[in-house]
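Residue numbers are given in full-length UniProt numbering: position 150 of the sequence shown equals residue 150, and the series is strictly consecutive. To keep things clear, I will list the structure first and then write my remarks on it.
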Amino acid sequence: MVPIPPGTVTLTDRRTERSWTVEVPAFELGAFPVTQEQYDGGGRLPAVEVSWLDAVRFCNALSERDGLPPAYRLDGGVEWDRSSAGYRLPTEAEWEHACRAGTAGPRYGDLDEIAWYEGNSGGRLHPSGEKLPNAWGAYDLLGNAWDWCWDLYDPAVYGEYRVLKGGGWADEHWSVRVSVRRRSHPTFRVDDVGFRVARSS
Numbered sequence: 001m002v003p004i005p006p007g008t009v010t011l012t013d014r015r016t017e018r019s020w021t022v023e024v025p026a027f028e029l030g031a032f033p034v035t036q037e038q039y040d041g042g043g044r045l046p047a048v049e050v051s052w053l054d055a056v057r058f059c060n061a062l063s064e065r066d067g068l069p070p071a072y073r074l075d076g077g078v079e080w081d082r083s084s085a086g087y088r089l090p091t092e093a094e095w096e097h098a099c100r101a102g103t104a105g106p107r108y109g110d111l112d113e114i115a116w117y118e119g120n121s122g123g124r125l126h127p128s129g130e131k132l133p134n135a136w137g138a139y140d141l142l143g144n145a146w147d148w149c150w151d152l153y154d155p156a157v158y159g160e161y162r163v164l165k166g167g168g169w170a171d172e173h174w175s176v177r178v179s180v181r182r183r184s185h186p187t188f189r190v191d192d193v194g195f196r197v198a199r200s201s
């Protein structure tokens, strides 16, 4: 986990041409995406084909392992206990603030130096941590695998679909940018979608 300082981030949605500003309190974020080794005993590749609901359950299991109160209540739905110190998914605003790490451009560094994407991945997922981190010590926020976020994408139009951030190994360069947002159903498992954990400070 790396400490993320407080700050302000402006999110944008190109589809609706909407933007909104969010105050982000200090929090902690996984320096790496959750790996297959952590998730199911595999190797250093990011754990992918993990649904949003799978990720939520993993966060609770990790909290229980470390003696922390679970962040999510799972009684017929998913409810986030915001007072909990347990592991959870980052919000979209937290993710984007952490990814930017004080920068203002489309990426926190040169694309080929920080990310696996369609132009350099060889058509496959790569082990975590092989590219340069951002200024706050987080790796692979852009490229390799998309990250699930807590937020609903646009409930009025897409119902339960949740936000994905970061781009993946199969995406073209224009899709691997801090501000890009994608969506998927919380039960879907996709070969370029994983997650990383967060904790409230």
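Ideal placement from N, C-alpha and C gives every residue a C-beta, glycine not left out.
Measure how close the beta-carbons of residue i and residue j come, nearest whole angstrom, since I'm counting them as under 8 Å.
i	j	result
Leu29	Pro90	6 Å
Pro69	Ser128	In fact, because the Cβ distance is near 27 Å, the residues do not count as touching under 8 Å.
Tyr72	Arg88	7 Å
Trp136	Val48	Rounded, the Cβ-Cβ distance is 24 Å, inconsistent with contact.
Trp169	His126	7 Å
Helix, strand or coil for residue i, going by three-state DSSP, please let me know.
i	result
Ala98	helix
Glu79	strand
Arg196	coil
Pro3	strand
Glu28	strand
Glu37	helix
Tyr72	strand
Ser175	helix
Glu23	strand
Asp13	strand
Arg65	helix
Asp151	strand
Arg57	helix
Leu142	coil
Val163	strand
Please return the same chain residues whose Cβ sits closer than 8 Å to the Cβ of residue i, not counting the five positions on each side in sequence.
i	result
Glu96	Val9, Leu11, Lys165, Val178 and Ser179
Gly42	Thr35 and Gln36
Pro106	Arg177, Val178 and Ser179
Gly122	none
Can you tell me the Cα-Cα spacing of residue i and residue j, whole angstroms?
i	j	result
Glu79	Gly102	31 Å
Gln38	Arg196	11 Å
Asp151	Gly167	17 Å
Phe188	Val50	8 Å
Cys59	Pro25	20 Å
Asn134	Phe27	16 Å
Glu64	Gly194	21 Å
Ala138	Arg124	21 Å
Glu113	Gly76	43 Å
Gly119	Arg182	20 Å
Ala198	Leu74	18 Å
Pro33	Asp140	7 Å
Thr161	Asp147	Note on identity: in this sequence residue 161 is Tyr, with Thr being the wrong assignment. For Tyr161 and Asp147, the distance between alpha carbons rounds to 14 Å.
Assign residue i to buried or exposed, taking buried as 16 or more other Cβ atoms, counted over all protein chains shown, within 10 Å of its Cβ.
i	result
Tyr153	buried
Arg14	exposed
Pro6	exposed
Asp191	exposed
Gly86	buried
Ala61	exposed
Val157	exposed
Ala104	exposed
Asp66	exposed
Ser19	exposed
In chain order, what residues of the same chain lie with their CB nearer than 7 Å to the CB of residue i, ignoring the 5 residues before and after it?
i	result
Val176	Leu111, Ala115, Tyr117, Leu142, Gly143 and Gly167
Ala93	Val9, Leu11, Val22 and Val24
Arg44	Thr35, Glu37, Pro127 and Ser128
Arg57	none
Within its chain, find whatever has a CB closer than 6 Å to the CB of residue i; leave out the 5 residues flanking it on each side and keep chain order.
i	result
Glu172	Glu118
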